[in-house]
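Have a look at the structure below, then the notes.
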Amino acid sequence: MDKCAIGQIVFSKYGRDKGNPFIILALEDEFIYLADGKLRLVEKPKLKKIKHVQLTNINVKEIKHKIIQQEGITNSEIRNAINEYFNVTS
């Protein structure tokens, strides 16, 4: 898997946030903007190189649709989407 997309769940491979799940909010060349709705908020997403994340096959269609339609998304929506797929305490 070598393609990433808005709304996709990824895991950080390096840094203090290693192993944590995030959702891709935006793509920019070799960088992506990530949020987990808890430590990395929608208002201040984490900028990370694509090669520093582990991609998954999980795409959250509701989040992707809202971002593409430029509707507002909340941190609780991000947290709930991650918790839906993983047993992560918020």
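Counting from 14, one number per residue, gives the positions in the sequence shown under the numbering used here.
Every residue, glycine too, gets a C-beta built ideally from N, C-alpha and C.
Discussion item. I'd like the list of long-range same chain contacts for Phe24, defined as Cβ closer than 8 Å, with 5 residues on each side in sequence excluded.
Written reply: Gly32, Asn33, Pro34, Phe35, Val66, Gln67 and Thr69
Worksheet item: Taking the C-alpha atoms as reference points, what is the distance between Glu97 and Asn72?
Response: 12 Å
Worksheet item: Just curious, the beta strand (DSSP E) that Asn33 is in, first and last residue?
Response: First-last for Asn33: undefined, no H or E at that position.
Discussion item. Beta-carbon within less than 8 Å of Leu54's beta-carbon, same chain only, minus the 5 sequence neighbours each way: which residues are those?
Written reply: Ala48 and Asn88
Worksheet item: Mapping DSSP to helix, strand and coil, what is Asn72?
Response: strand
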